[in-house]
Amino acid sequence: MSGNWRDRTVSTFECQKMPAVSSRGMVVSNHPLASSAGAEMLAAGGNAIDAAIATLFTLTVVEPMMVGIIGGGMAHIRLADGSHRFIDGQSTVPQAVRDTTYTSKPGSRHDVFDTVDDENLNGPKAVAVPGSLKAWCETLRRFGTMSLADVMQPAIKHAARGYATTPYLHECITESAVEMRRDKPIAAIYLPDGVPLKVGERVVQAEYAETLSYIAAHGEKALYEGPLGGILVDYMEKNGGFIRRADLTNYTTVERQPIRADYRGWTILGPPPPAVSGVHIAQMLNILEGYDIASLGFGAAETIHYLAEVLKIAFADRAAASGDPDYVGVPVERLTSKAYAEERRRAIDPARAQAWSAGVTQLESAHTTHMTVADAAGNVVATTQTINNLFGAKILIPGLGTIPNNYMNLFDPRPGHALSLAPGKRVTTSMSPMIALRDGKLKFALGLPGGKRIFPSAMQALVNLIDHGMSLQEAVEAPRVWTEGNALEVEQAVPESVRAKLASMGHKVEVMPTVAGGMNAIAFDEDGTMTGAACWRADGTPIGISGGLARGGIRFRLA
0 MSGNWRDRTV STFECQKMPA VSSRGMVVSN HPLASSAGAE MLAAGGNAID AAIATLFTLT
60 VVEPMMVGII GGGMAHIRLA DGSHRFIDGQ STVPQAVRDT TYTSKPGSRH DVFDTVDDEN
120 LNGPKAVAVP GSLKAWCETL RRFGTMSLAD VMQPAIKHAA RGYATTPYLH ECITESAVEM
180 RRDKPIAAIY LPDGVPLKVG ERVVQAEYAE TLSYIAAHGE KALYEGPLGG ILVDYMEKNG
240 GFIRRADLTN YTTVERQPIR ADYRGWTILG PPPPAVSGVH IAQMLNILEG YDIASLGFGA
300 AETIHYLAEV LKIAFADRAA ASGDPDYVGV PVERLTSKAY AEERRRAIDP ARAQAWSAGV
360 TQLESAHTTH MTVADAAGNV VATTQTINNL FGAKILIPGL GTIPNNYMNL FDPRPGHALS
420 LAPGKRVTTS MSPMIALRDG KLKFALGLPG GKRIFPSAMQ ALVNLIDHGM SLQEAVEAPR
480 VWTEGNALEV EQAVPESVRA KLASMGHKVE VMPTVAGGMN AIAFDEDGTM TGAACWRADG
540 TPIGISGGLA RGGIRFRLA
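So this is what it looks like as structure tokens:
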């Protein structure tokens with residue numbers, strides 16, 4: 000539809016950040032030092048994969064509450080030849096764990112996985128087998144051009160020399176302070192004298208710098224086969240954790256093919272199971288394709304109503320049939336089919352909110368970080384990585400200086416369900432590193448953190464770009480909504496008049512300061528330029544590389 004989307008909406012907003020434009024490469028992550036690390040690799044002649052791995056290692060230092068080498072993640076890689084692949088480095092259940100290992104808290108809802116004494120949330124018993132480090136090192140060897148030692152130098156420097164605490168990090172420490180005070184090693188760094196680090200105070204991680212230096216010299220074997228793994232296993236054995244040496248030596252990454260959605264002439268590529276995002280983004284877009292979303296207008300009550308209904312449908316199906324495809328039969332073809340979308344669309348009431356049950360049968364955190372990188376050759380990496388909750392298991396492994404994940408909290412502690420525990424089972428995730436093509440040409444790459452709110456937010460950003468015609472900066476900063484069947488969460492920029500109309504339609508509206516976390520994205524223009532954008536919900540920073548080397552044969556000479 001022609002015209003400005005602002006002419007068709009009552010939900011207006013102003014962007015709080017500015018995009019960056021470049022010609023030779025772009026890095027967008029949720030911390031300026033991490034984006035700088037990736038840009039340094041591009042400036043040195045590296046490709047997008049080199050830049051991505053440098054950015055990720057640096058994020059383990061400057062976003063320690065979100066990502067770490069004892070974590071997991073999913074990377075969407077598009078190579079210059081146009082091929083797409085997903086590198087699944089998700090964590091797995093240790094072999095010692097059974098579906099009855101934990102006891103569910105009495106009275107917990109079906110979608111709440113809390114256990115007695117929070118054993119799957121905080122402490123050693125919450126830690127799943129890590130996949131991040133192995134995935135990053137393997138990805139660099141396969142697709143990068145630089146050495147591991149080179150791409151790790153920025154991370155080592157910032158760990159050893161320290162960096163300034165941002166307001167965002169301070170708030171995260173404050174939010175997790177009660178649990179972190181119970182572990183002396185983690186409290187010593189982030190809660191000196193029992194008080195959260197203040198804004199501007201330096202975060203120094205000398206022990207972690209030594210760990211990173213050892214990895215730079217010895218690669219992932221240092222953890223999965225070598226002495227760093229021994230330190231992790233010894234800690235687990237002494238403190239009641241489940242990870243053993245065999246869990247590390249037997250861990251493997253998995254290369255997977257993307258889920259494809261065709262939406263209004265666009266091709267949308269997203270992650271396959273065990274991620275739920277690619278399947279359900281395709282499902283939701285297929286349903287929305289039957290409505291004239293552009294004419295309804297961004298942020299209108301009618302538009303939000305349809306978004307809420309497709310979200311509830313997706314979450315109902317997600318609960319019934321999602322998980323590790325090696326353990327659960329996920330009906331991908333049915334969920335992503337146009338016929339199934341039409342079936343679900345016919346049941347939507349355009350004037351009233353409904354409760355939804357699953358339309359498929361089972362066949363058998365929320366705190367993450369995201370980064371997007373592209374180079375001039377056409378290589379793109381969009382990857383989401385996490386240690387699950389803020390500061391993961393809320394402990395620090397002495398001798399490693401790093402914070403482990405608490406991924407065990409993502410499994411259902413009750414037997415007999417799609418997400419129940421089983422030895423070796425991979426984590427199911429909402430991570431959504433998405434890439435959009437038009438007529439086969441690369442147009443957008445994006446992603447964000449935010450647990451179960453990730454894939455609904457990524458879907459809304461795609462709708463903002465495709466249906467509403469927003470700029471990239473507008474699309475990542477636009478107010479979001481979310482529901483899985485209970486309250487309809489809306490961000491504060493959604494006006495009171497729209498909230499009231501939604502309430503009259505039967506939605507239980509709840510105003511939130513944010514829905515999900517800091518999105519970052521790259522847009523690709525016909526002339527080869529790239530635009531990078533990051534939103535106000537995190538410390539996101541786009542850094543672009545332009546210019547280039549001197550023309551051959553040029554010399555400056557004095558007369």
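Residue numbers are given in numbering that gives the first Met the number 0: position 449 of the sequence shown equals residue 448, and the series is strictly consecutive.
All residues carry an ideal CB built from backbone N, CA and C; glycine is no exception.
Since the model is a prediction, treat every value here as computed from it, not as a measurement.
N- and C-terminal bounds of the beta strand (DSSP E) containing residue i
i, result
"G63", "The question names Gly, yet the displayed sequence has Pro at residue 63. Taken as a continuous stretch (DSSP letters only), P63 belongs to no beta strand (DSSP E), as it is neither H nor E."
"K440", "440-446"
"S21", "19-21"
"P541", "540-544"
"S28", "24-28"
"T530", "529-533"
"I86", "83-87"
"I76", "71-77"
"V508", "508-511"
Euclidean distance between Cα positions of residue i and residue j
i, j, result
"P412", "A38", "42 Å"
"Q361", "L139", "The predicted position of Q361 is uncertain, since its pLDDT is 40 and thus under 50; a value taken from the coordinates is nonetheless stated next. Roughly 37 Å between the two C-alpha positions."
"V9", "P414", "47 Å"
"R263", "L295", "16 Å"
"I52", "V150", "7 Å"
"D192", "L168", "17 Å"
"P129", "Y339", "36 Å"
"T427", "A421", "13 Å"
"A288", "P494", "The sequence shown places Glu at residue 288, not Ala. Roughly 26 Å separates the two Cα atoms."
"L461", "A281", "11 Å"
"N378", "R84", "12 Å"
"S456", "P272", "18 Å"
"E363", "Q152", "Caution is warranted here: a pLDDT of 33 is assigned to E363, below 50, making its placement in the model unreliable, and no coordinate value can be reported."
"A375", "A47", "9 Å"
"I172", "Y189", "7 Å"
"N238", "A532", "43 Å"
"F390", "I68", "13 Å"
"I402", "M64", "8 Å"
Distance CB(residue i)-CB(residue j) smaller than 7 Å
i, j, result
"H467", "W135", "no"
"S21", "S419", "no"
"E490", "M511", "yes"
"L196", "V480", "no"
"M73", "M430", "yes"
"L441", "A515", "no"
"K500", "A300", "yes"
"D49", "T144", "yes"
"G199", "S131", "no"
"P18", "Q472", "yes"
"V27", "N519", "yes"
"P105", "T540", "no"
"T54", "A36", "yes"
Member of the options whose CA lies at the smallest distance from the CA of residue i
i, options, result
"E13", "R343, C534, G88, P93", "C534"
"G161", "Y234, S10, V61", "V61"
"E341", "H109, A318, S131, I286", "I286"
"H369", "G517, Y406, V379, S503", "G517"
"D182", "A477, K133, P123", "P123"
"M504", "I303, C171, V115", "I303"
"M529", "V128, P184, A373", "A373"
"A522", "H506, E473, A444", "A444"
"V380", "L268, G391, P330", "L268"
"L399", "S356, G24, A205", "A205"
"K451", "T482, Q353, D323, T371", "T482"
"R244", "A474, A95, R317", "A95"
"V278", "F56, G298, G44, D316", "D316"
"R344", "P324, G229, E308, G44", "E308"
"Y234", "G543, P478, V475, I396", "I396"
Span of the alpha helix (DSSP H), counted from its first residue to its last, around residue i
i, result
"F454", "453-465"
"P494", "Counting along the chain, P494 falls outside any alpha helix (DSSP H), and DSSP gives it neither H nor E."
"I109", "Per the sequence presented here, residue 109 reads as His, with Ile not at that position. That residue, H109, is in no alpha helix (DSSP H); it is neither H nor E in DSSP."
"E170", "166-179"
"A597", "With the chain covering 0 to 558 only, the question about residue 597 has no answer from this structure."
"M40", "31-42"
"V309", "300-319"
"K183", "183-189"
"A474", "471-476"
Proximity test, Cβ basis, 7 Å: residue i and chain B
i, result
"I553", "No chain B is part of this structure, which consists of one protein chain only."
Quiz item: Which runs of the alpha helix (DSSP H), 4 residues or longer, sit entirely within the region 112-151?
Solution: 131-142
Exercise. Just list the alpha helix (DSSP H) runs in the region 210-293, keeping only unbroken ones of 4 residues or longer that don't cross its boundaries, in chain order.
Key: Taking only runs of at least 4 residues, the alpha helix (DSSP H) segments lying wholly in the region 210-293 are 220-223, 226-238, 244-248, 276-287.
Quiz prompt | Contained beta strand (DSSP E) runs [length at least 3] in the region 325-403, N- to C-terminal order | solution = 367-374, 379-385
Quiz item: Which runs of the beta strand (DSSP E), 3 residues or longer, sit entirely within the region 409-444?
Solution: Entirely contained in the region 409-444, the beta strand (DSSP E) runs reaching 3 residues are, in chain order, 433-437.
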